[in-house]
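According to the working numbering, the stretch in the sequence shown is residues 30 to 277, in order. Virtual Cβ for every residue (Gly too), placed ideally from N, Cα, C. As the structure is a prediction and not an experimental result, all values here were calculated from the model. Here's the structure we're looking at; comments come further down.
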Amino acid sequence: MKAVILAGGAGTRLRPLTLATNKHLLPVYDKPVIYYAIEKIVAAGIYKIMVVTSGEHIADFIKLLGSGQEFSRPQGGQVQIVYGIQNEPNGIAYGLYIARDYVGTDDCLLFLGDNIFEDDLTPHIKSFRDGARVFLKNVPDPQRFGIATVNKKGTVTAIEEKPEKPTSDLAVTGLYLFDSTVFDKMVDQPKSARGEYEITYINNKYVKEGKLEAVLLEKEWFDVGTVDSLLAASMHMQEKERRKARHG
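Below, the structure written as structure tokens:
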């Protein structure tokens with residue numbers, strides 16, 4: 030399995046911070062946002078990663094991450110990091126499509142780089158066989174998110190973007206597992222009303238096949254796309270490190 034981290038976007042909700050740099054390079058406590066994604070992916074046993082970002086910022090990512098030499102496999106050896114350029118902000122599905130040749134016939138983990146997850150992803154990746162999986166989290170304000178409806182078998186039956194009257198409180202987070210058919214599902218994909226190639230379109234194709242599984246996250250999840258959420262994530266990580274220091 031390979032991983033694709035999407036690290037583009039204008040970060041307009043984080044301005045003026047993002048007038049100086051890409052939001053995925055901003056600090057969350059003691060490390061850049063994107064470090065949390067890479068460390069989580071590597072801990073789950075995936076060692077081949079493509080970072081997709083804009084041409085404007087790719088040099089900054091290369092300076093920070095290089096070829097992955099700062100990240101080691103548990104059994105030894107270097108993690109591989111390569112790069113893809115997204116010339117236009119055309120949506121999540123478009124960003125994933127840039128990695129098509131790199132992913133090839135492998136399964137892939139799609140990770141939106143401004144998300145931070147505390148759950149261990151390892152069991153979900155090891156048990157993945159085919160179809161797709163979305164990682165969901167109970168939220169108090171489901172109108173802000175893509176919301177999934179899940180049946181008793183844990184299969185997603187519908188996903189609706191930012192519904193006025195949500196049918197559940199299960200938000201679709203920035204983490205997905207896809208089998209190798211994902212790129213075929215993008216052929217002839219239309220743009221949405223907001224002019225983007227939406228990942229919800231792809232997910233709903235798996236829904237129609239009955240192959241979109243739900244994983245309910247149990248621990249903390251941060252989407253650091255706003256100043257408040259960036260601060261909350263930093264404070265959480267600071268307290269986590271302080272607890273670790275206190276208990277040796």
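Is residue j closer than 9 Å to residue i when the C-beta atoms are compared?
| i | j | result |
| --- | --- | --- |
| residue 107 | residue 96 | yes |
| residue 147 | residue 248 | yes |
| residue 50 | residue 86 | yes |
| residue 187 | residue 236 | yes |
| residue 142 | residue 62 | yes |
Whole angstroms is fine: what's the gap from residue i's alpha carbon to residue j's?
| i | j | result |
| --- | --- | --- |
| residue 112 | residue 80 | 5 Å |
| residue 228 | residue 276 | 42 Å |
| residue 225 | residue 270 | 39 Å |
| residue 74 | residue 91 | 22 Å |
| residue 54 | residue 160 | 32 Å |
With distances taken Cα to Cα, identify the nearest neighbour of residue i among the options.
| i | options | result |
| --- | --- | --- |
| residue 144 | 83, 267, 179 and 203 | 203 |
| residue 136 | 207, 178 and 115 | 207 |
| residue 191 | 68, 33 and 199 | 199 |
| residue 30 | 230, 221, 220 and 132 | 132 |
| residue 279 | 162, 265 and 127 | With the chain running from 30 to 277 in the structure shown, residue 279 is simply not present. |
| residue 220 | 62, 35, 118 and 66 | 118 |
| residue 126 | 269, 33, 270 and 265 | 33 |
| residue 72 | 178, 101 and 268 | 101 |
| residue 14 | 53, 123, 99 and 78 | What the structure shows of the chain is the stretch from 30 to 277, and residue 14 is not part of that stretch, so it cannot be assessed. |
| residue 196 | 214, 168 and 262 | 168 |
| residue 174 | 201, 155 and 164 | 201 |
| residue 264 | 37, 57 and 128 | 57 |
| residue 165 | 134, 121, 90 and 252 | 252 |
| residue 84 | 93, 114, 159 and 77 | 114 |
| residue 214 | 129, 272, 189 and 185 | 129 |
DSSP state of residue i, grouped into three classes?
| i | result |
| --- | --- |
| residue 54 | helix |
| residue 145 | strand |
| residue 207 | strand |
| residue 94 | helix |
| residue 124 | helix |
| residue 236 | helix |
Quick one: using the 10 Å Cβ neighbour count with 16 as the cut-off for buried, is residue i buried or exposed?
| i | result |
| --- | --- |
| residue 193 | exposed |
| residue 88 | exposed |
Would you say residue i faces chain D, with C-beta separation under 9 Å as the test?
| i | result |
| --- | --- |
| residue 128 | Looking at the structure shown, chain D is missing, and only one protein chain is on hand. |
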